[in-house]
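Visitor: Under full-length UniProt numbering, the first residue of the sequence shown carries the number 1, and numbering increases by one thereafter.
Positions of the beta carbon are idealized from the N, C-alpha and C atoms, including for glycine.
None of these values were measured; they are calculated from a predicted model.
Submitted below is the structure of interest, expressed as structure tokens.
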Amino acid sequence: MTPSERAPLTGACALALAAAMSLPALSEEVLAGILGMFVVLLCVSWPHLLELPSRTGSGIIMALAGLGSLGLALALGTTGLTTKLVIVIAIALFLSFAHEMLRRERSRLTLSISGTASGALITTLTVTWLKGWALASANGPATVGFLLAMTMGLALGTLCLALPLPSAGRVSCAIVIGAATSGLLPWALGYSPLIIAMSTLAGAVLCTASLFVFFLLSRVIGAADPRESLAVAISPIALTGILALLFLEVALSYVPADLGLTVIPAA
């Protein structure tokens, strides 16, 4: 698969997150289910993408890290989740080394450890989307709208990679569309100029970061295979959750109390 063929899947992943956040009920459960699906697909495709020598073991460690993080968030709540994620990542790193010690034949040792650890990090950070949703919903519908604007900007921006344009044109179009979408939605809903500017910046940053990951993984030889393409398409969305959470927390620190907006009625 070419980057143009993978781009719709990347955009569809972000659209799925936005759709889950828009649900009037059971948003958290549906969002967690979508993120869990992302984790499972990454566990299946990531070890094959990097051609790790022990793919089953690496996939199990990634699953334990990703699904374990989601389980902690659902069972114990997202309060203090950052500290819990540090512990999960540390355990996953330990398991990566223990996994190599259990292998009888330790060829490509560095590749196996780094590939397993990086995969576990990606699956763990997937839960930051759930953390962002919990923070937004706890502060009110306007904050949810801010998160949705960023997510929609990310979705439409990555979809631009499927356009029949030169690489430079596709990248420029993706960043511009992502920033414009993230800025126009808050403007249409009457957000303050500060929040509109912050949302526009967030859309540009999220799209840029996702494009970096997308094109970096697209250079891997195995990325042309449909199964391996799943990791290339999902990883950018999984990793940008931490950036969306960062922008959300910064916005709330400057304009608390539901971003100072009252025009969106509560559901």
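#1: Given 8 Å as the limit, is there contact between the segment 23-42 and the segment 229-239, that is, 3 or more CB pairs closer than that?
#2: Given a cut-off of 8 Å, decide if residue 149 and residue 186 are closer than it, judged by their beta-carbon atoms.
#3: Whole angstroms is fine: what's the gap from residue 145's alpha carbon to residue 81's?
#4: What is the rounded straight-line gap between the Cα of residue 8 and the Cα of residue 18?
#5: Using the Cβ count rule (16 or more neighbours within 10 Å means buried), how would you classify residue 21?
#6: What ranges does the alpha helix (DSSP H) occupy inside the segment 56-124, keeping only unbroken runs of at least 4 residues that lie completely in it?
#7: Tell me whether residue 200 sits in a helix, a strand or coil according to DSSP, three-state version.
#8: In angstroms, rounded to a whole number, what distance separates the CA positions of residue 57 and residue 99?
#9: Given this structure, state the Cα-to-Cα distance separating residue 246 from residue 42, to the nearest angstrom.
#10: Identify which residue in 47, 102, 70, 95 has its Cα closest to the Cα of residue 28.
Guide: According to the structure data:
#1: Put simply, the segment 23-42 touches the segment 229-239. At least three CB pairs are less than 8 Å apart.
#2: In contact: residue 186 and residue 149 (Cβ atoms closer than 8 Å).
#3: CA-CA distance, residue 145 to residue 81, rounds to 23 Å.
#4: Spanning the two alpha carbons is a distance of roughly 15 Å.
#5: That one is buried.
#6: Counting only runs that start and end inside the segment 56-124, the alpha helix (DSSP H) elements of at least 4 residues fall at 81-102.
#7: Residue 200: helix per DSSP, three-state reduction.
#8: Cα to Cα, the separation comes out at about 7 Å.
#9: Each residue's Cα considered, the two are about 24 Å apart.
#10: It is 70 whose Cα lies nearest to the Cα of residue 28.
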